[in-house]
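Undergrad: Encoded as structure tokens, here's the structure I'll be asking about.
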Amino acid sequence: LANDCIYAKANPPKISFHFWEQPTEPFQRIHVHYAGPFMGFYYLILADAYSKWPSEYVVKNMTTEITIRLCREFFSAYGLPSSAAINALLKRNKAYLVALFENTHL
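First residue of the sequence shown: 989, per the numbering used here; consecutive thereafter.
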């Protein structure tokens, strides 16, 4: 195992990058991410891919219920995006988020 680590450090595997297409209008795609924990809190960040404008929500717990409530609050204030990209922290609750986005016709 140690030899594998030494080899991988000297010869890191090649990765392919995914480049998003540039949106042509606001709210064509939003990115939904959690950051943290930092000082005991998590930060739900929703960012418009076109304008790069972020909205941030500070939460104590990173639960599906809180995420859905805050996404609904965001959508009711700013409208529905055409699509959403979520990060790995949110993917563990993917079934609930898919239901949210299907119910809001994304």
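Where a beta carbon is used, it is the ideal one built from N, C-alpha and C, also for glycine.
I need the straight-line Cα distance from His1006 to Lys1040, nearest angstrom please.
TA: Computed Cα separation, rounded: 18 Å.
Undergrad: Straight-line CA distance for Asn1049 to Ser1043?
TA: If I take the Cα positions, the gap works out to 18 Å.
Undergrad: Spell out the partners DSSP gives Tyr1031 in its beta bridges.
TA: Looking at the DSSP assignment, Tyr1031 forms a beta bridge with Ala1023, Val1046.
Undergrad: Report the rounded CA-to-CA distance for Glu1053 versus Ala990, giving the unit in angstroms.
TA: Looking at the two C-alpha atoms, the distance is approximately 42 Å.
Undergrad: From this set, Tyr1045, Tyr1030, Ser1070, which residue's C-alpha is nearest Phe1062's C-alpha?
TA: When each option's Cα is compared against that of Phe1062, the closest is Tyr1045.
Undergrad: Please report the straight-line C-alpha distance between Glu1009 and Ile1033, rounded to a whole angstrom.
TA: Their Cα atoms are separated by approximately 20 Å.
Undergrad: Express the C-alpha separation of Arg1057 and Ala1023 in angstroms, rounding to a whole number.
TA: Straight-line Cα distance between these residues: approximately 17 Å.
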